[in-house]
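Chains as they are written, first to last, in the working numbering: chain A, 9 to 228; chain B, 36 to 293.
For each residue, glycine too, the CB sits at the ideal point set by N, CA and C.
See structure below.
Shown next, in the form of structure tokens:
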């Protein structure tokens, strides 16, 4: 965990102007990590507000992550809530490093619990695709045809992903979408790095085969 | 190169090239393959397009706020103090499931044994009544020293009414092989299947107790089975509780957190 003064300075800087940091900037990432570390320290001291600040900072990312793994909004929300409960219970076990990664690991594990129960009790995949009300509104300049094509592509991809074994699907989503590297995924899924690589390569090939009827959607 | 040739190509090598998981030799092989085979090149391009489409999949906005309330925290502290909280959730489920299964099996087996015992006792009583009837008509030399020993080959010869009409000048020996009167009514129980030998006074059957006078009691056997039944029932209940309680707490927590 970072030293106190550094953390305090970073948090003060963040609190002064949280919107000033450019996304993707390495300095901003370091700043964000320092803020997270400071919040964890305060939460360990018993301040619920500090922990809730952590929740507010990461809940959008965690829900997006879990929703990709468990494409049911209610189950995904349950998994995220359970992940934050688990994080609160295990605050003392946080050993430094990226809080985002730590929370991500907890959330992915919660999502995998749900995936295992879904495997035992299969449900209709992606029922909410019938309801497009939640889809983000496209920019005004986007052609309606492009918007329709993107929606069709997303639906085909989501359904094809659902056909994969969840171990392969998780690895692909964590690598291609969430940007975790092989070693991080191996740590999350508690398997060897070679296993992660194999799942990703074979999963991609299986995904392409599953998308064969819709291949033209992804070309051009 | 035609498609039939592509079927013999190593698609996994192309996928590994896309994932950056090849050494220099493999990279050269894969690049050569793509240069010669349009299908391999198309495969590589498709993998890129699919990954890009996956990254662009829309994200549903989170349906609620996940911040914790004071009630959540209090509940989490309580659950942390719970005896089963020292185990992980998976272990708790496994342990609870195992205990419940063990308890259930025990209850079923104990019940089955009790039912069989009761059934056998009924049969044994009837058989004994028959035996007494046989004993009434059997010659004195048919008894065996050391106790009443009657082969209950079914159907037993019945030379009298099913109800044994009390003590009679019996030609049956009990314990000492001397002719004596059978106590009536007799309380004997035990397996009485065909061909089974019964020993009154000289031996015991499961769940029965031989009394010195040749009387047989089954009260203590039933008590033992009852104890086992209650024990297995308790084991089942504990297993179910260990499995279900954490889930109930979690559901309560979700409700409070939403």
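Reduced DSSP secondary structure (H/G/I, E/B, other) of residue i
| i | result |
| --- | --- |
| residue 266 of chain B | helix |
| residue 177 of chain B | Because the pLDDT of residue 177 of chain B is 45, which lies under 50, any placement of that residue in the model is unreliable, and the number read from its coordinates should be weighed accordingly. Looking at residue 177 of chain B - three-state DSSP - the assignment turns out to be helix. |
| residue 94 of chain B | coil |
| residue 174 of chain A | helix |
| residue 148 of chain B | helix |
| residue 45 of chain B | coil |
| residue 37 of chain A | helix |
| residue 251 of chain B | Bear in mind that a pLDDT of 46 at residue 251 of chain B, under 50, signals an unreliable position, so the number given afterwards is only what the model happens to contain. Strand, per DSSP. |
| residue 75 of chain B | helix |
| residue 271 of chain B | helix |
| residue 56 of chain B | coil |
| residue 100 of chain B | coil |
| residue 219 of chain A | coil |
| residue 227 of chain A | coil |
| residue 151 of chain A | coil |
| residue 276 of chain B | helix |
| residue 51 of chain B | helix |
8 Å Cβ cut-off: residues of chain A touching residue i
| i | result |
| --- | --- |
| residue 85 of chain B | 165, 212, 215, 216, 219, 226 |
| residue 130 of chain B | Per Cβ cutoff of 8 Å: no residues; residue 130 of chain B is ~17 Å from chain A at best. |
| residue 46 of chain B | 213 |
| residue 105 of chain B | 56 |
Residue i: CB within 6 Å of a non-hydrogen atom of the ligand HEM
| i | result |
| --- | --- |
| residue 57 of chain B | This structure lacks the ligand HEM, and indeed carries no ligand of any kind. |
Beta-carbon neighbours of residue i, restricted to chain A and to distances below 9 Å
| i | result |
| --- | --- |
| residue 108 of chain B | 56, 59, 96 |
| residue 111 of chain B | 93, 96, 97 |
Residue i: contacting residues in chain B (beta-carbon distance under 8 Å)
| i | result |
| --- | --- |
| residue 5 of chain A | In this structure chain A extends from 9 to 228, so residue 5 of chain A is not present and cannot be described. |
| residue 205 of chain A | 51, 54, 56 |
| residue 185 of chain A | 89, 90, 92 |
Contact set between residue i and chain A, taken where Cβ atoms lie within less than 7 Å
| i | result |
| --- | --- |
| residue 101 of chain B | 63, 67, 88, 89, 92 |
Residues that residue i contacts on chain B, provided the C-beta gap is smaller than 9 Å
| i | result |
| --- | --- |
| residue 44 of chain A | Those within 9 Å of residue 44 of chain A in chain B number zero; the least Cβ separation is about 16 Å. |
| residue 122 of chain A | Correct list: empty, because the minimum Cβ distance to chain B is about 12 Å. |
Proximal chain B residues relative to residue i, where beta-carbon distance stays under 7 Å
| i | result |
| --- | --- |
| residue 81 of chain A | 95, 98 |
| residue 72 of chain A | 94 |
| residue 208 of chain A | 54 |
| residue 75 of chain A | 94, 95 |
Contiguous alpha helix (DSSP H) assignments of at least 4 residues, all confined to the segment 52 to 122 of chain A: 56 to 77, 81 to 97
Inter-stretch contact at 8 Å, needing at least 3 Cβ pairs: the segment 259 to 272 of chain B / the segment 137 to 156 of chain B: yes
The segment 160 to 172 of chain A contacting the segment 46 to 56 of chain A, beta-carbon criterion three pairs below 8 Å: no
Three or more C-beta pairs below 8 Å linking the segment 129 to 138 of chain B and the segment 106 to 125 of chain A: With the cut-off at 8 Å, the segment 129 to 138 of chain B and the segment 106 to 125 of chain A do not touch.
Every unbroken alpha helix (DSSP H) inside the segment 177 to 202 of chain A [4 residues or more]: 190 to 197
Inter-stretch contact at 8 Å, needing at least 3 Cβ pairs: the segment 71 to 86 of chain B / the segment 202 to 216 of chain A: yes
Segment contact flag, the segment 93 to 111 of chain B with the segment 62 to 70 of chain A, C-beta cutoff 8 Å, min 3 pairs: yes
Inter-stretch contact (C-beta, 8 Å, three-pair minimum) for the segment 87 to 98 of chain A and the segment 192 to 204 of chain A: no
Contact between the segment 72 to 87 of chain A and the segment 116 to 124 of chain A (3+ Cβ pairs under 8 Å): A contact between stretches requires three or more CB pairs, one per stretch, nearer than 8 Å, and the segment 72 to 87 of chain A meets this requirement with the segment 116 to 124 of chain A.
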